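Residue numbers (this note's numbering): 381 to 473.
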């Protein structure tokens with residue numbers, strides 16, 4: 381998802397005054413609750429955990445993701461090769 385799409389989705393959700401959990405805010409909108417923001421409501425899942433629901437207008441955008449360094453890219457390639465070698469099909473070959 382590019383920045384224009386993200387900005388459009390954020391603006392649409394703010395205009396509709398929608399509320400989301402922290403997970404959805406982070407995953408779908410790249411936002412987090414502002415410091416001091418109060419949850420609109422709490423809900424409980426089937427395992428007994430309690431989760432807060434925040435109004436999207438009370439949230440702030442998260443910082444942009446940094447590009448991977450060359451060492452991180454190399455480590456990812458190495459991990460890919462090692463995981464293929466350690467898989468069951470890789471061990472049989």
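Built from N, CA and C at the ideal position, the CB exists for glycine as well. Quick caveat: nothing in here was measured; it's all calculated off a predicted structure.
Q: Give the range of the beta strand (DSSP E) segment to which residue 430 is assigned.
A: Per DSSP, residue 430 belongs to the beta strand (DSSP E) from 430–435.
(Q) Using the three-state DSSP reduction, which class does residue 420 fall into: helix, strand or coil? (A) Looking at residue 420 - three-state DSSP - the assignment turns out to be coil, as it is neither helix nor strand.
Q: Identify whether residue 401 lies in helix, strand or coil by the three-state DSSP scheme.
A: strand
(Q) For residue 440, which residues in the same chain have their Cβ closer than 7 angstroms to its Cβ, ignoring the five residues on either side in sequence? (A) 411, 412, 414
Q. Of all the CB atoms in chain B, is at least one closer than 8 angstroms to the CB of residue 384?
A. The structure shown has no chain B; it contains just one protein chain.
Q | Cα-Cα separation, residue 463 to residue 407 | A | The alpha-carbon atoms of residue 463 and residue 407 are separated by roughly 27 angstroms.
Q.
Measuring only the C-alpha atoms, how far is residue 429 from residue 419?
A. 15 angstroms
Q | Nearest residue (CA-CA) to residue 443, options 392, 409, 389, 391 | A | 409
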